[in-house]
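Just so we're aligned: 137 in numbering that gives the first Met the number 0 is position 138 of the sequence shown, and the numbers increase by one with no gaps anywhere.
Here the structure comes first, spelled out in C-alpha cells, and everything after it is commentary.
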Amino acid sequence: MRAAVTTGTGGPEVLSVGDVADPRPGAGEVLVDVVAAAVNRADTLQRQGFYPPPPGASEVIGLECSGRIAELGEGVEGWSVGDEVCALLAGGGYAARVAVPVGQVMPVPGGVSLVEAAALPEVAATVWSNVFMTAHLAKGERFLVHGGAGGIGTMAIQLAVARGAEVFTTAGSAEKLELCRSLGATAISYRDEDFVEVLTEVGGADVVLDNMGAKYLGRNVAALATGGRLVVIGFQGGTKGELDIQALLRKRASVTATSLRARPLEEKAAICCGVVENVWPHVAAGRIRPVVETTMPLEDVARAHQLMEDGAHAGKILLTL
C-alpha cells in the first residue's frame with residue numbers, strides 16, 4: 000500500500016511516499032481505508048527520532064485518521080464494512096490503510112465531512128482526557144490553555160466554552176488572537192502581555208493546560224487559583240524547570256503530566272467513549288467545529304511537516320489519500 004516513508008531521521012526532507020506492506024486486522028481490530036490523516040507536532044518529533052512508536056505499533060507516522068471500515072478482525076461487533084469512522088492511533092495514519100483497536104474507532108460526528116473528521120480524534124481525546132477526566136474542569140471555572148490557535152488549543156477553547164467555563168488563552172499574531180476570540184476565549188498576546196497578570200486580576204485559573212513545559216512551569220503555577228490544577232502535556236519549552244513547592248502548598252494546587260499515545264488500550268478506549276458521549280454532541284450541534292488550516296495530498300507530506308514546524312498555521316493540517 001501507499002504510505003509515507005522516511006530515509007532515516009532528520010528534517011522534513013527525509014519524508015516521501017512509497018510502498019509498504021498492507022496491515023492486517025488482528026483480533027479486536029478493524030482495518031480502515033484511510034481518506035485523510037492529520038499532522039501533529041508529535042509526528043515531527045517521531046520523524047526526528049525523538050518519539051518512537053510504542054511496542055507493536057506501526058512504524059508509519061500518524062496518530063489520527065478518518066476513513067471507511069474495510070475489514071473486521073475476529074471478535075469485533077457493532078461495526079460493519081463500509082462504516083465511515085475516525086480513529087485515534089498509536090501510529091500508521093499516513094497510509095492507505097491502518098489497523099486500529101476497535102475501542103479507538105469512533106463514528107464521524109454529525110455536521111462534519113469525512114475528510115474534516117480526521118482533524119478531531121487526537122485533539123478531542125487529548126482535551127477530554129486532560130481537561131475534564133484529569134483536571135475536572137467544571138462549569139463556571141476559569142480555564143487557561145496555551146497556544147490557543149493550534150489544533151489542541153482550538154478544540155480546548157471550544158469544548159470548555161461549550162461546557163460553561165470562562166476561557167483564556169495565549170497566542171502570538173493578530174490573526175491568531177482574533178481566531179481565539181472568535182471561538183469564545185479571552186486572548187492574551189504572549190508577545191505584549193503577561194498571562195500571569197491577566198489571570199491574577201480575575202482570581203487565577205482553576206485549570207491550566209500547558210504544552211510548553213519547563214519554560215512556563217513557574218508562571219503557570221503563579222497563574223493558578225486556590226485549588227488550581229496544572230496539566231502539562233508537552234515540552235516545547237524544555238523538559239527541566241524549577242517548581243516552587245511552597246507556592247503549590249499555599250494554593251493547595253496540583254501539577255500533573257500526562258501522555259496519550261502509550262496508554263493501555265483499555266484507557267484509550269475509555270477516553271474515546273467519553274469523547275463520543277461528551278464531545279460529539281457539541282460537534283453535531285455546531286458548538287464545536289474542526290479548525291483546518293490546509294488540506295494537501297499525502298505526496299506533500301514533507302511540505303506539511305515544514306508548515307507544522309514553521310508555526311505560522313492555525314488549527315490542523317490534513318493529508319488526503
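Glycine is no exception: its CB is placed at the ideal position from the N, C-alpha and C atoms.
Could you please give me the residues that DSSP links to residue i through a beta bridge?
i, result
"residue 319", "35 and 296"
"residue 149", "314"
"residue 71", "29"
"residue 86", "64 and 104"
"residue 17", "2"
"residue 201", "In DSSP, residue 201 forms no bridge with anything."
"residue 118", "Beta-bridge pairing links residue 118 to no other residue."
"residue 94", "2"
"residue 246", "None, per the DSSP bridge assignment."
"residue 170", "188"
"residue 231", "209 and 256"
Return the CA-CA distance between residue i and residue j, expressed in angstroms with no decimal places.
i, j, result
"residue 70", "residue 209", "38 Å"
"residue 164", "residue 225", "17 Å"
"residue 289", "residue 119", "7 Å"
"residue 61", "residue 287", "23 Å"
"residue 137", "residue 204", "12 Å"
"residue 77", "residue 28", "12 Å"
"residue 161", "residue 281", "7 Å"
"residue 232", "residue 147", "14 Å"
"residue 266", "residue 9", "32 Å"
"residue 113", "residue 14", "25 Å"
"residue 36", "residue 236", "27 Å"
"residue 73", "residue 6", "35 Å"
"residue 186", "residue 104", "34 Å"
"residue 200", "residue 316", "36 Å"
"residue 206", "residue 169", "14 Å"
"residue 188", "residue 171", "5 Å"
"residue 180", "residue 279", "22 Å"
"residue 30", "residue 101", "9 Å"
"residue 299", "residue 34", "15 Å"
"residue 284", "residue 111", "11 Å"
"residue 141", "residue 135", "12 Å"
"residue 98", "residue 59", "12 Å"
Assign residue i to one of three DSSP states: helix, strand, or coil.
i, result
"residue 100", "strand"
"residue 187", "strand"
"residue 105", "strand"
"residue 164", "coil"
"residue 4", "strand"
"residue 141", "strand"
"residue 209", "strand"
"residue 136", "coil"
"residue 176", "helix"
"residue 346", "Any answer about residue 346 is impossible in this case: the structure gives the chain only from 0 up to 320."
"residue 226", "strand"
"residue 238", "coil"
"residue 278", "coil"
"residue 253", "strand"
"residue 41", "helix"
"residue 290", "coil"
Is residue i buried or exposed, if buried means 16 or more other CB atoms sit within 10 Å of its CB?
i, result
"residue 49", "exposed"
"residue 243", "exposed"
"residue 24", "buried"
"residue 263", "exposed"
Just to check my reading of the structure: residue i and residue j have Cβ atoms closer than 8 Å, yes? What is that Cβ distance to the nearest angstrom?
i, j, result
"residue 156", "residue 182", "4 Å"
"residue 252", "residue 223", "5 Å"
"residue 321", "residue 57", "Because the chain spans 0 through 320 in this model, residue 321 falls outside it and cannot be assessed."
"residue 43", "residue 295", "That pair is no contact at about 16 Å."
"residue 132", "residue 273", "7 Å"
"residue 314", "residue 150", "6 Å"
"residue 96", "residue 22", "6 Å"
So is the beta-carbon of residue i under 7 Å away from any non-hydrogen atom of the ligand SAM?
i, result
"residue 269", "Within the structure as shown, the ligand SAM is missing, as the structure has no ligands at all."
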